[in-house]
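Worksheet: the structure to be examined is printed underneath.
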Amino acid sequence: GNPVLVRIGLSPMDARVVQQMQREAGFDRPLAAQFLGYMGHLVRGDLGTSWQTGRPVIADLRSHLAATSELALAALMLMLTVSLPLGVYTAMRRNTAADYLLRVAGLVGVSMPLFWFGLLLLYVFYYHLAWAAPPLARVATGVITAEGPTGLYLIDTLLAGNFPGFRSALQHLALPAITLAFAALPLVFRMTRGSVIEVLHQDYVRTAHAKGVSLLAILRRHVLRNAMIPVLTVIGLSVGNMLGGTLLVETVFSWPGMGRYVINAILARDYTAVQGFVLTAALIFSLVNFLVDVGYGFLDPRIRFE
């Protein structure tokens, strides 16, 4: 619908006032002129003004970026810490009871909706066991009195020696990070397992076994480096999935990040804010793909010369 009419709601207003608001927003111009005008502002770094907050969209996104960055980085580190070792372990112990159990768990993880898993964690660890912090903010009220240099509460509280603030930030971050990590963990686990098994069947690995090289040395020198190239691709794609998953996770846990901001913008039909978020997400995903390409060169030097 028309954002102007959405903004004024059902309140009676003179038609001339509505026309004036549409003129100020540029909705009276042809679509081509609106598009060219938007692109001109975009080149100058102007994403427009949010109808919902009345502030520049880029300022709104910047104020929510730290919360989303902290959540995404924590989820990424948790996902890699769990999925990569489990993938290697099940590849080395394939067709055992542990392998079958973890493969079934991975299949269940791929099939379970992200928001449902988040609600399940809330029910068990907050409502039932009362172990987790309430899903209301990033920290408890009054624990952090000033923003730190990074905007990441876990880092800023450690730098300031604010250990109660660090504990509160960690308690509030735990369940959202676990939920977001769950979105990509089964995929990376299954790819790691399959890739390691494929490399273990290569001739040079069998030759190393025949020469009496220890299993740990074979893994470190021959298997992991060659197996990580397809895994790195999946990790890059998983970051994109996690970026989209922030919309659900931040809504479920009331996390004040960009995902919750854009959900509120969608409900309010704040198209300018939605466009700004989409462009920002596309830029982040492009940067991740670039870093993945750079990572290929470190894993396989031959790629650097092709």
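In the working numbering, the protein residues as written are 31 to 336.
Cβ atoms here follow ideal geometry from the backbone N, Cα and C, with glycine treated the same way.
Please read all numbers here as calculations on a predicted model, not as lab measurements.
By the Cβ criterion, the segment 241-253 is not in contact with the segment 143-152, since fewer than three pairs of Cβ atoms, one from each stretch, lie closer than 8 Å.
For residue 180, the secondary structure class from DSSP, reduced to helix, strand or coil, is coil. Within the same chain, Cβ atoms closer than 7 Å to the Cβ of residue 333 are found at 326 and 327, the five residues on either side in sequence being excluded. If you compare the alpha carbons of 277, 324 and 222 with that of residue 257, the shortest gap goes to 222.
Taking C-beta atoms as the reference points, residue 187 and residue 199 count as a pair closer than 7 Å. The residue among 219, 67, 153 and 279 with its C-alpha nearest the C-alpha of residue 134 is 219. Taking one beta carbon from each stretch, the segment 189-196 and the segment 227-235 have fewer than 3 pairs nearer than 8 Å; the two do not touch. Secondary structure of residue 209 (DSSP, three-state): helix. Taking each of 141, 265, 81 and 52 in turn and checking the Cα distance to residue 299, the smallest one comes out for 81. For the pair residue 255 and residue 331, the Cα-to-Cα distance works out to about 11 Å. Taking the C-beta atoms as reference points, residue 97 is found nearer than 7 Å to residue 287. DSSP places residue 192 outside any alpha helix (DSSP H), giving it a letter other than H or E. With a threshold of 16 other beta carbon atoms within 10 Å, residue 158 falls short and is exposed. Beta-carbon to beta-carbon, residue 100 and residue 203 are separated by about 7 Å, close enough to satisfy the 8 Å threshold.
Membership of residue 76 in any alpha helix (DSSP H) is not indicated, and neither H nor E is assigned to it by DSSP. Within the same chain, 80, 83, 291 and 303 come within 7 Å of residue 90 by CB-CB distance, once the 5 residues on both sides are set aside. In this structure residue 103 does not touch residue 151 by the C-beta definition: roughly 19 Å separates them, more than the 8 Å allowed. Secondary structure of residue 260 (DSSP, three-state): helix.
Just so you know, the alpha carbons of residue 207 and residue 301 end up roughly 28 Å apart.
The bridge partners DSSP lists for residue 86 are 79. Excluding its 5 nearest sequence neighbours in each direction, residue 322 has C-beta neighbours in its own chain below 7 Å: 262, 263 and 266, listed in chain order. Per DSSP, residue 146 is one residue of the alpha helix (DSSP H) stretching across 144-151.
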